[in-house]
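Structure record follows, encoded as structure tokens.
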Amino acid sequence: MQPAKENLQTVLKAAPGDSTTRLLLGMIAEESKDHTAAVKWLASVPDQARQRPESMVALTRAYYNLGYKERARQTLKDLLVLSTRPDWREGVLRGGQAAVQAGDYEIAERMFASLLTTYPDPAKLGYNLALAQYHNNKISESRTGLEKLVAAGHETSEIENLLGWCAFKQARYKDAVAALDRAIALDLSRESNYLDVGMMLLELRRYDGAQLAAERAISVAPGSAQAYRLKGLVEFRRGSLVDARTEASATFNKALQRLPKEPLLYLNYGTMLLKTADQGDASTESRAVALLKRAIALDSSLAEPHYQLGSLALREGRKQEAVQELETASCLGPTISKFHYTLAQAYRALGRREDTTRELGAYQRLKAEEDKPGAGLTGSLGSPSLPKGSPREPREAAPSN
-11 MQPAKENLQT
-1 VLKAAPGDST
9 TRLLLGMIAE
19 ESKDHTAAVK
29 WLASVPDQAR
39 QRPESMVALT
49 RAYYNLGYKE
59 RARQTLKDLL
69 VLSTRPDWRE
79 GVLRGGQAAV
89 QAGDYEIAER
99 MFASLLTTYP
109 DPAKLGYNLA
119 LAQYHNNKIS
129 ESRTGLEKLV
139 AAGHETSEIE
149 NLLGWCAFKQ
159 ARYKDAVAAL
169 DRAIALDLSR
179 ESNYLDVGMM
189 LLELRRYDGA
199 QLAAERAISV
209 APGSAQAYRL
219 KGLVEFRRGS
229 LVDARTEASA
239 TFNKALQRLP
249 KEPLLYLNYG
259 TMLLKTADQG
269 DASTESRAVA
279 LLKRAIALDS
289 SLAEPHYQLG
299 SLALREGRKQ
309 EAVQELETAS
319 CLGPTISKFH
329 YTLAQAYRAL
339 GRREDTTREL
349 GAYQRLKAEE
359 DKPGAGLTGS
369 LGSPSLPKGS
379 PREPREAAPS
389 N
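Residue numbers for the sequence shown follow this note's numbering, beginning at -11 and rising by one.
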């Protein structure tokens, strides 16, 4: 990428108005995650960008990443007009995938639906449409579409995985696990299937099955932080506290030796140790705090370690420190109810009544959403992944307080 970028910049100095050079610079910038530069170059040559679906999709992704939602939507609407052209169908699909990644599910559905009679791969299209519907809380529609695909002979591991999550959302837990088992049978090498069924079984307190799923995930993906994290969670939640902590600590330490820069391992290990520190173990508390701070140093976008540190400070009477950490957690994770509840307690301790009322109101609204069947788990480690070829969403699967 870098040599190509340098050569194009040399060309641009000689011909500042060259539209092809600007277009290519924009594509390289978007591929390199430099979204500001991508918008600068691609938006400067709108006629050139509209001639290529990949350019419009790149511009859409850049707009979404910069928070320009309406501009992204308008670009997708322009792309949608061309959905009947055979050479643009893949671009329309990718545009819908970009919308799903950005959480813009309504327009994603429109993009996918426009291809229903023309796209050559019904399994791929149907899965993406069902995924958008699932994330848009249209669980029945998602499930119906997936079942039609299976009945038509288009069964895939991805489709069965998503069917499992639909069943889980509808509190049909036996069907959910059965669907994940079928997903595994269809693709024994896909790590996410083991992780998902493991989290489901852990939620259902079927620890033997969850343990097996974690071990299988490690066997197919030895470098997976999520697999080790699941194994540690299972070990912690089963057995006596002391024995569970010893076994889980060994798992986390082994994982950290293999993956020393994985922030979620530090987060989950630190959170687990804090539970033990509640029993009066000062040295364990100190170790837990160090692990949580390391998680923050490795990934400043994580909300959970700030919540854990803030909760600890509040329990120990360090009110101002608690508010600072909990405000950061609520800012980074505004849709997590427990962040707002604990922040309200910290405000109450300082006598800040208006802030307390506001945070309690936020807590009540969010908690009502979280209490819907299956909602508690799907925002953690499992949940259907985003379209193939795109990174999975960051997840925080620390043991809840």
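Each residue gets a CB set at the ideal place from its N, CA and C atoms; glycine is no exception.
Secondary structure of D66, DSSP reduced to three states: Here residue 66 refers to the residue found at position 78 of the sequence shown. D66 falls in the helix class under three-state DSSP.
Helix, strand or coil: how does DSSP classify L104 here? The residue you call residue 104 lines up with position 116 of the sequence shown. The answer is coil: DSSP assigns L104 none of H, G, I, E or B.
Relative to the alpha-carbon of D35, which residue among P(-9), R246, L47 has its alpha-carbon at the smallest distance? For this step, residue 35 is matched to residue 47 along the sequence shown. It is L47 whose Cα lies nearest to the Cα of D35.
For A101, which of A118, A90, D92 has the nearest alpha-carbon? If you number the sequence shown from 1, residue 101 lands on position 113. Selected option, being the one with the closest Cα: A118.
Rounded to whole angstroms, how far is the Cβ of I16 from the Cβ of M(-11), which I believe are closer than 8 Å? To locate residue 16, count along the sequence shown from 1; it is residue 28. To locate residue -11, count along the sequence shown from 1; it is residue 1. I16 to M(-11), Cβ: 6 Å. Contact.
Mind checking whether I206 and Q158 have CB atoms under 8 Å apart? Residue mapping note: residue 206 aligns to position 218 of the sequence shown, counting from 1. Residue mapping note: residue 158 aligns to position 170 of the sequence shown, counting from 1. Result no, Cβ atoms of I206 and Q158 do not sit closer than 8 Å.
Is the CB-CB distance between F327 and A291 below 8 Å? Walking along the sequence shown from the start, residue 327 turns up at place 339. Walking along the sequence shown from the start, residue 291 turns up at place 303. Taking 8 Å as the Cβ cut-off, F327 and A291 qualify as a contacting pair.
What separation, rounded to the nearest whole angstrom, lies between the Cα atoms of T316 and S274? Residue 316 sits at position 328 when you count from the first residue of the sequence shown. Residue 274 sits at position 286 when you count from the first residue of the sequence shown. C-alpha separation (whole angstroms): 21 Å.
Straight-line Cα distance separating A202 from K249: Looking up residue 249 in the sequence shown gives position 261. Looking up residue 202 in the sequence shown gives position 214. Cα to Cα, the separation comes out at about 21 Å.
Drop a sphere of 10 angstroms on the beta-carbon of K21, count the other beta-carbons inside from all chains shown, and report buried for 16 or more, exposed for fewer. In the sequence shown, the residue the question calls residue 21 occupies position 33. Exposed, since its Cβ has fewer than 16 Cβ neighbours within 10 Å.
Buried versus exposed, by CB contacts within 10 Å (16 or more), G321: Mapped onto the sequence shown, residue 321 falls at position 333. Result: buried.
Expressed to the nearest angstrom, what Euclidean distance is found between the alpha-carbon atoms of Q(-3) and Y52? Within the sequence shown, the letter at position 9 stands for residue -3. Within the sequence shown, the letter at position 64 stands for residue 52. The alpha-carbon atoms of Q(-3) and Y52 are separated by roughly 26 Å.
Skipping 5 residues on each side, what residues in its chain have a beta carbon closer than 8 Å to that of G80? One-based indexing of the sequence shown puts residue 80 at position 92. A quick correction: the sequence has Val, not Gly, at residue 80. Excluding sequence neighbours, V80 sits near P41, L67, L68, L70, S71, M99, S102, L103.
Could you say which of E146, A213, L192 lies nearest to L176 if we only look at CA atoms? As a working note, residue 176 is residue 188 in the sequence shown. Checking every option, the nearest Cα to that of L176 belongs to E146.
Compare the Cα-Cα distances from R246 to each of T234, A209, A278 and report the closest residue. For the purposes of this step, residue 246 is taken as the residue at position 258 of the sequence shown. Minimum Cα distance to R246 is reached at A209.
Quick check on this structure: which residue in L253, M187, L189 has the alpha carbon closest to the alpha carbon of G211? On the sequence shown, residue 211 is found 223 positions in, with the first residue counted as 1. Taking only the C-alpha atoms, the option nearest G211 is L253.
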